[in-house]
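Q: Submitted below is the structure of interest, expressed as structure tokens.
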Amino acid sequence: MAMARPVRAFGLAAILMWCFFIYQIFIPSAGIRRPGDLPSFERDPNLDPTGEPEGLLVHVSDAYAPGIENSARINATLLALVRNEELPGMLQAMQDLERTWNHKFNYPWTFFNDEPFTEEFKRKTKAQTKAECRYELIPEEHWATPSWIDMNLYEESTKMLKEQDVQYADMISYHQMCRWNSGMFYKHPALKNTQFYWRVEPKVHFFCDVDYDVFRYMQDNNKTYGFTINLYDSPESIPSLWPETLKFLAEHPEYKHKNSAMDWLTDNVRRPDHNRKANGYSTCHFWSNFEIADMSFWRSKAYEDYFNHLDRAGGFFYERWGDAPVHSIALGLFEDSSRIHWFRDIGYQHIPFFNCPNSPKCKGCVTGRLTDGESWLHREDCRPNWFKYVGMD
Ligand SMILES: Nc1nc2c(ncn2[C@@H]2O[C@H](COP(=O)(O)OP(=O)(O)OP(=O)(O)O)[C@@H](O)[C@H]2O)c(=O)[nH]1
Ligand SMILES: [Mg+2]
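Residues in the sequence shown are numbered consecutively from 683, following my numbering.
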């Protein structure tokens, strides 16, 4: 039976639309880009074979034996802020770091707490290492909420932060912890004669044997700060951090280093929404649960002035400024970016992110895998920006 031409055309169009519909359902998922996905960077450098860093290295020797006088150790410590109830996680983190590194170098551990450590905490942590362990109470004036913080305003602000899903916003101790890690820890009298530290949190993992003295690496190669992972922050937790920073910079233009990482701090290409919500800051930061750093930077006049400015502005409490963005912005502005080092050879995990290099010295992590969590977490990876603007040294 002959069909009228318009009916035939309509039938053909319907068949084509049906085929298109089926194709959309069954095309390989790699071809679908969900809203908010980012193009991944060309190639994860962790897939490339990784050895020890270039530069001066001091390897293990008898001069690092525990408890000896005139050892090869420099003024440095492993440093952990931790609660008594986090003992199991602390022991696990210690085991990993002792196994991969510190049993060769025997740097002291310094534990900090806003409450006295229990005897059980002391006994069990001491049993994990041949090195000296120190247990320090944080002075009240370093931990307490500063007098100029209006607690009614704090309560109101945290309600709003909670509505925006800012994690830990209503936990005052979290705000205190972030402030302490930003501008207080290096002022503790127990660290008076200590220059370098390696920050360690409970439950973190270390995967790779490291056979050189990382503190000597920092000192001998003129490095200020070492990181493993670089992430985006939640812009809702820091809306006024960058505007306050710009105010400070306007008062102190002399503090900005001529080789600063300003372009990394202000990138708005990769995640423009983050830059917009954070009012001009990319939110990229060194993930500060891992830090190997020289406290001289935190003790400098530039950083002290910057921290005091931020502290007075109140955002550690009225917002939820973390020590990670505060440290990162300060380093990005006031330090020569060539003095910031990516420790690509240190295999590390703090849930849910990894730094896992391609090296026979690593066991227990998957080379090049950034996260074992949900796939959207890849969006939080800001390393490509650091590599783009500063490099991989
Ligand atoms: N003594 C003490 N330590 C704390 C307190 N709050 C946090 N810490 C420590 O500070 C560090 C950071 O706290 P976390 O709760 O791990 O914060 P986070 O890494 O942002 O959050 P998670 O993703 O849940 O690990 C850890 O080493 C904690 O043990 C506190 O109130 N007292
Ligand atoms: Mg943590």
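Backbone N, C-alpha and C fix where the C-beta goes; we use that ideal spot for every residue, glycine too. Quick caveat, the model's predicted, so the values are computed rather than measured.
Comparing alpha-carbon positions, which option in 980, 920, 998 lies nearest residue 1012?
A: The option with the nearest alpha carbon to residue 1012 is 980.
Q: Taking C-alpha atoms, which residue in 998, 1061, 1037 lies nearest to residue 832?
A: 998
Q: Under DSSP, the beta strand (DSSP E) around residue 973 begins and ends at which residues?
A: 973-976
Q: Assess, as a yes-or-no matter, whether the stretch 925-936 is touched by the stretch 870-881 under the definition of 3 or more beta carbon pairs within less than 8 Å.
A: no
Q: Residue 1037 lies in the beta strand (DSSP E); which residues open and close that run?
A: Note, residue 1037: beta strand (DSSP E), 1035-1037.
Q: Label residue 1074 either buried or exposed according to how many other C-beta atoms from any shown protein chain fall within 10 Å of its C-beta, with 16 as the threshold for buried.
A: Exposed, by the Cβ-count rule.
Q: For ligand 1, is there a heavy atom less than 6 Å away from the beta-carbon of residue 765?
A: yes
Q: Return the Cβ separation of residue 851 and residue 1002 in integer angstroms, given the expectation that the two are a contact with Cβ distance under 8 Å.
A: 5 Å
Q: Here's the rule: buried if 16 or more other CB atoms are within 10 angstroms of the residue's CB, otherwise exposed. What is residue 741?
A: exposed
Q: Would you tell me roughly how many angstroms separate the C-alpha atoms of residue 1007 and residue 756, rounded to the nearest one?
A: So the alpha carbons of these two residues sit roughly 28 Å apart.
Q: To the nearest angstrom, report how far apart residue 1042 and residue 828 are at their CA atoms.
A: 49 Å
Q: Go through the stretch 954-1000 residue by residue and report every complete run of the alpha helix (DSSP H) that reaches 4 residues or more, in order.
A: 954-959, 977-980, 983-995, 997-1000
Q: Along the beta strand (DSSP E) that carries residue 863, what are the first and last residues, could you check?
A: Here residue 863 belongs to no beta strand (DSSP E); instead the alpha helix (DSSP H) covers 854-865.
Q: If you check the beta carbons only, do residue 729 and residue 1029 fall under 7 Å apart?
A: no
Q: Suppose only complete runs of 4+ residues qualify. What are the alpha helix (DSSP H) ranges in the stretch 875-927, listed by chain order?
A: 896-902, all fully within the stretch 875-927.
Q: Assuming residue 1062 and residue 995 are in contact, meaning their beta carbons sit under 8 Å apart, how far apart are those beta carbons, in whole angstroms?
A: With a contact defined as Cβ atoms closer than 8 Å, residue 1062 and residue 995 miss out at about 26 Å.
Q: Buried or exposed, going by whether 16 or more other CB atoms sit within 10 Å of the CB of residue 816?
A: Exposed: under 16 other Cβ atoms inside 10 Å.
Q: State yes or no: is the C-beta of residue 796 nearer than 6 Å to some heavy atom of ligand 1?
A: Within 6 Å of the C-beta of residue 796 there is at least one heavy atom belonging to ligand 1.
Q: For residue 739 and residue 970, what's the separation of their Cα atoms in angstroms?
A: 24 Å
Q: If we require 3 or more residues per run, which beta strand (DSSP E) segments fall completely within the stretch 1031-1066?
A: 1035-1037
Q: Give the range of the beta strand (DSSP E) segment to which residue 1016 is assigned.
A: Per DSSP, residue 1016 belongs to no beta strand (DSSP E); it is in the alpha helix (DSSP H), 1005-1016.
Q: Taking the alpha helix (DSSP H) that residue 1023 belongs to, which residues open and close that run?
A: That residue, residue 1023, is in no alpha helix (DSSP H); its beta strand (DSSP E) goes 1022-1024.
Q: Can you name, in chain order, every residue of its own chain whose Cβ lies under 6 Å from the Cβ of residue 907, other than the five neighbours on each side?
A: 975, 1013, 1022
Q: What span of residues does the beta strand (DSSP E) with residue 816 cover, start to end?
A: 815-819 is the extent of the beta strand (DSSP E) around residue 816.
Q: Name the DSSP beta bridge partners of residue 731, please?
A: 1040
Q: Does the beta-carbon of residue 883, which I'm using as the reference point, lie nearer than 6 Å to any heavy atom of ligand 2?
A: yes
Q: Please identify the residue among 946, 957, 834, 1055 whose C-alpha is closest to the C-alpha of residue 920.
A: 957
Q: Please report the residue range of the beta strand (DSSP E) in which residue 758 lies.
A: 758-763
Q: Express the C-alpha separation of residue 765 and residue 855 in angstroms, rounding to a whole number.
A: 11 Å
Q: State the Cα-Cα distance for the pair residue 732 and residue 1032, rounded to the nearest angstrom.
A: 21 Å
Q: Quick one: Cα of residue 717 to Cα of residue 750, how far?
A: Caution is warranted here: a pLDDT of 36 is assigned to residue 717, below 50, making its placement in the model unreliable, and the coordinate value is therefore given only provisionally. Cα-Cα distance, rounded: 59 Å.
Q: What's the C-alpha gap between residue 776 and residue 814?
A: C-alpha of residue 776 to C-alpha of residue 814: approximately 13 Å in a straight line.
Q: What first and last residue would you give for the beta strand (DSSP E) that runs through residue 807?
A: Annotation for residue 807: no beta strand (DSSP E) segment contains it, though the alpha helix (DSSP H) segment containing it runs 801-808.
Q: Assign residue 791 to one of three DSSP states: helix, strand, or coil.
A: strand
Q: Label residue 892 either buried or exposed according to how many other C-beta atoms from any shown protein chain fall within 10 Å of its C-beta, with 16 as the threshold for buried.
A: buried
Q: Can you find a heavy atom of ligand 1 that lies under 6 Å from the Cβ of residue 912?
A: no
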